[in-house]
Each structure stands twice: as C-alpha cells, then as structure tokens.
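This report refers to the structure that appears directly beneath it.
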Amino acid sequence: MQLSNLINGLPPYHFADAKKKIADRIAAGVDVISLSMGDPDLPAPQAVVERLCAEMQKPENHRYPEYRGVYALHEAIAQWFEQRFQVRLQPERDILPLLGSKEGLAYAGASVLNAGDIALVPDPYYPVYITAATTVGAQVYLLPLTAHNAYLPDLASIPVDVLAKARVLWLNYPNNPTAACANRSFFEQAVAFARHHHLVIIHDMAYAEVYFDDFRPMSILQIPGASEVAVELHSLSKTYNMAGFRVGMLVGNPALVDAVGRLKSNIDSGMFRPVQYAAIEALNLPVSWIQQRNVLYQKRRDMLVEGCHAVGMQVELPKAGLYVWAHVPHGFTSRDFATWLFDKTGVFVTPGSNFGAAGEGYVRISLTAPDERIATALQRMKDALSL
Ligand SMILES: Cc1ncc(COP(=O)(O)O)c(C=O)c1O
Numbered sequence: 054m055q056l057s058n059l060i061n062g063l064p065p066y067h068f069a070d071a072k073k074k075i076a077d078r079i080a081a082g083v084d085v086i087s088l089s090m091g092d093p094d095l096p097a098p099q100a101v102v103e104r105l106c107a108e109m110q111k112p113e114n115h116r117y118p119e120y121r122g123v124y125a126l127h128e129a130i131a132q133w134f135e136q137r138f139q140v141r142l143q144p145e146r147d148i149l150p151l152l153g154s155k156e157g158l159a160y161a162g163a164s165v166l167n168a169g170d171i172a173l174v175p176d177p178y179y180p181v182y183i184t185a186a187t188t189v190g191a192q193v194y195l196l197p198l199t200a201h202n203a204y205l206p207d208l209a210s211i212p213v214d215v216l217a218k219a220r221v222l223w224l225n226y227p228n229n230p231t232a233a234c235a236n237r238s239f240f241e242q243a244v245a246f247a248r249h250h251h252l253v254i255i256h257d258m259a260y261a262e263v264y265f266d267d268f269r270p271m272s273i274l275q276i277p278g279a280s281e282v283a284v285e286l287h288s289l290s291k292t293y294n295m296a297g298f299r300v301g302m303l304v305g306n307p308a309l310v311d312a313v314g315r316l317k318s319n320i321d322s323g324m325f326r327p328v329q330y331a332a333i334e335a336l337n338l339p340v341s342w343i344q345q346r347n348v349l350y351q352k353r354r355d356m357l358v359e360g361c362h363a364v365g366m367q368v369e370l371p372k373a374g375l376y377v378w379a380h381v382p383h384g385f386t387s388r389d390f391a392t393w394l395f396d397k398t399g400v401f402v403t404p405g406s407n408f409g410a411a412g413e414g415y416v417r418i419s420l421t422a423p424d425e426r427i428a429t430a431l432q433r434m435k436d437a438l439s440l
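Just so you know, we're using the working numbering here: the sequence shown kicks off at 54 and counts up by one.
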C-alpha cells in the first residue's frame, strides 16, 4: 500500500520498540529489570480506583462524554492549580482536559505552526516536540541542553534568520531526560524573549509533582503576563501514578486552549466520564499523598545516584523528575553502553542519544522500579563493569 509522506517520514516510536525488545528477552527467560520508561510502578490512589468503579456502574456515563470535559473537572483542575501554584485559572476559558498530555503536545504544536515555520526545540527532547513540527511541515531548530548551560537553552545564540521564522519555543522543566530544573529568572527571560520575538511557549510540565527535598518546580504561568504567550501541560500520569488512565491538561493562553479544543473535538470524542470523575478524586487528594509517594522515589533516586557513583558513572543529584541522567563509562557511546548492559545483565536503560544528538554520552535511568530491583540492577552493573 502507498502510505503518505507523513507516515513515511515518521520513525517508529522508540518506546514501542523498547517494549518489544523487553518482551522478547523475557520470553527467552531473561530476568529483565527495566529502568527505561517513566511508567510509574506504584498503584493509582485507592480513592481514584473506587470512584472509577462506582461511576462505571452508571449507564449515563456510558454515553459519549463532553468534548471538552465535564465542568466539575475544569473546576477541580482550577482549584488544584491555584493551591499548587497560586495562579487563578478560569475553569472553562483557561483549561482543557486531555487524554494524557502527549496528545496535547502534538495538538498545541499543530495549532500554532504552519508549513515552513520553525519550531525551537531543546535537544535532548521528548520526541513528540519533533513530531508536532514535522507532521505539519514545519522545520526544527535544536537548542542543545548541556552541562555547560545548566541544561537551559541559550536563547541569545539563536540566529536572527531562524528567529524570523520561529513560531514556537518548547520548554520542559523538570526536564526529561536530563532531570534539570529551571528557576524563576530563566522563565522570566523566556517569557520576555517570547514576547519580543512573537513566539508561543509550550511548557511541558509532565514531571511537576515528582520533586525531592524542599524543591518545588514552578509553573511558567507564575510569571506575570506569561499567559499572553504561553501554555503549559500537566499530567496525572506521573503525578498520581495514573499513566494508564490517560488524563492530562492544557492550561494558559485562552486562544490556544480553545484552538486545541477545536482541533481535538474534530478528531476524538473526549474522555470517558468515569475517568474524568476518577481524575477529580485524584486532584482533591491532600498534597501529603504526593509528598509521601515522593519519599519513595527519593529513596530510589539516592540509591541510583550512589550506585552510579560506585561504578564510576558521573551523575548529578536530580531535584525533581523520574530519571537519573548518567554519563556512560569511558569508551562507550550511549547506544553501545545501553545495548551492552542489556545483553550482559538484563538491565534496560535508555541511551541518551535516543532523545537527540546532545544526549550522546549519557543514559537515562528511570526510578520506576521497586528498591530491591534497583539494588539488583546496581549489583549487576557493578559485576558487569568488574568492580
Ligand atoms: C516530557 C514528557 N512529556 C509528556 C509526557 C506524556 O505523558 P502523558 O501523555 O502520560 O501525560 C511524557 C511521558 O513520558 C514525558 O516524558
């Protein structure tokens, strides 16, 4: 069959491939430890599961849902956002519930970019930022995130001719895969830059609620005037261990929120109502639920950071997010090391270069496995590296 140029230009999604590799190895009898995807291994809150089951029993919830979500979900998101970030959003105008934040990333890009425009994308990147540009015929200009620039894009380095065609600046803090965080002064600079150059900022904050010690990631919407140029994506996937439920949200600039709603409603038919009510249950949980869960992740983070140091892999202590961004041992490329490690130990990590050229020299190790599996993985790494 003759497929479209769009499909022919689209690479297979990395994690779909990775899942198959893991399944094949397990079928061959290998005890695989996957520290690869950011797919929470901990269960969704009990209150969420109970509400989902209760709402499933009501036949009226089996019908087509509202395209843009029930008002109660908009309200719950607004309240959650205000409590967390001290920013008041108008429930219907400034908020759009999504089937996970991933679709919102693609739709937000498509709602702003035209063929021939340029999207400014940090490198390394979450692959959807690229897809969002290439599927509409836009070009990508990569902004390397390196240890030298504290993993923040150097906006001043963007050439004038690129800026002339640029329409979108993608940001993602806490960052996947580097685990870097941005501070207020960076967000202020980014908002001023976007205003000056007529850019739209799409800030992906999927990891906002996995934080450690006293650190709390900030929303770009906390910068005065940011909603004139920015939207932000949040997700219940990592926040409440609800990745399979598919609940996310787009918040911020009302025109772009409305545009994504228009695009989405022409493509899908909204979120299953019981899932919407389950999401409200999650958003109403006390913040202590998140804090207690983060204590578990923090322990894993500490084990992984210490374990990496013990095998000579340099790594910084993440302040937030689900990953450790580790230098590969000397003499390996990212991909060679990840392949070698998987073959030799059954431990599956993601090559940094999968997220773009600037990720070369690193692997991304996820915190989404129980302590004892992380301990086993680290012991296997130690043995494999003959230490
Ligand atoms: C940076 C980033 N953004 C967005 C997402 C999408 O999350 P979801 O669609 O589950 O909300 C992910 C998932 O891993 C991610 O890593």
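Glycine included, every Cβ here is placed at the ideal spot set by N, Cα and C.
Per the C-alpha coordinates, the member of G190, S322, A279 and Y226 positioned closest to G62 is G190.
Between R417 and T403 the beta-carbon gap is near 4 Å, inside 8 Å, which marks them as a contact.
Here F268 carries a coil assignment [DSSP, helix/strand/coil]. Segment contact: the segment 330–344 against the segment 355–364, fewer than three CB-CB distances shorter than 8 Å; contact not assigned. Between the alpha carbons of A217 and M434 lies a distance of about 48 Å. Between L394 and A335, the CB-CB gap reaches or exceeds 8 Å. Contact annotation, L222 with L198: C-beta distance approximately 13 Å; criterion of less than 8 Å not satisfied.
Counted as a single uninterrupted DSSP element, the alpha helix (DSSP H) harbouring H362 occupies residues V340 to A363.
With a threshold of 7 Å, the Cβ atom of D257 counts as near ligand 1, since some heavy atom of the ligand is closer than that. A283 and A247 do touch by the CB rule: their CB atoms are close to 7 Å apart, below 8 Å. Buried is the label assigned to M324, since at least 16 other Cβ atoms lie within 10 Å of its Cβ. Ligand 1 has no heavy atom closer than 7 Å to the beta-carbon of Y415. For G122, the Cβ stays outside the 7 Å cut-off from all heavy atoms of ligand 1. The three-state secondary structure of I211, taken from DSSP, is coil.
Taken atom to atom, the span from the alpha-carbon of R353 to that of A373 is near 12 Å. Every unbroken stretch of the beta strand (DSSP E) spanning 3 or more residues and falling wholly within the segment 267–332 is given here in chain order: 283–288 and 301–305. For P112, the secondary structure class from DSSP, reduced to helix, strand or coil, is helix. Not one heavy atom of ligand 1 falls within 7 Å of the beta-carbon of N407. Contact check for A219 and H250: beta-carbon distance about 7 Å, within the 8 Å limit, so the pair qualifies. When secondary structure is reduced to three states using DSSP, S406 falls in the helix class.
Excluding residues up to 5 positions away in sequence, L195, L196, P197, L198, F408, G409, A410, A411 and G412 lie with their Cβ nearer than 8 Å to the Cβ of D176 in the same chain. Collapsing the DSSP output to three states places L126 in a helix.
CA-CA distance, P65 to L158, rounds to 18 Å.
With respect to the 8 Å criterion, Y350 and V101 are not classified as neighbours on the basis of their beta carbons.
When DSSP states are grouped into helix, strand and coil, S419 belongs to the strand group. Taking the Cα of L126 as reference, the smallest distance to any Cα among R116, D147, A185 and E113 is reached at D147. In the DSSP assignment, the residues bridged to F401 are S87. V181 is positioned such that its CB atom lies closer than 8 Å to that of K155.
A direct Cα-to-Cα measurement between L431 and A168 gives close to 47 Å. For V174, the uninterrupted beta strand (DSSP E) run begins and ends at I171 to D176, by DSSP.
Distance from the Cα of E285 is smallest, within the candidate group I211, P227 and I86, for P227.
By the criterion of a C-beta distance shorter than 7 Å, K111 is surrounded by no residue of its chain, once the five residues flanking it on both sides are discounted. In terms of Cβ geometry, Q329 and P150 form a close pair [threshold 8 Å].
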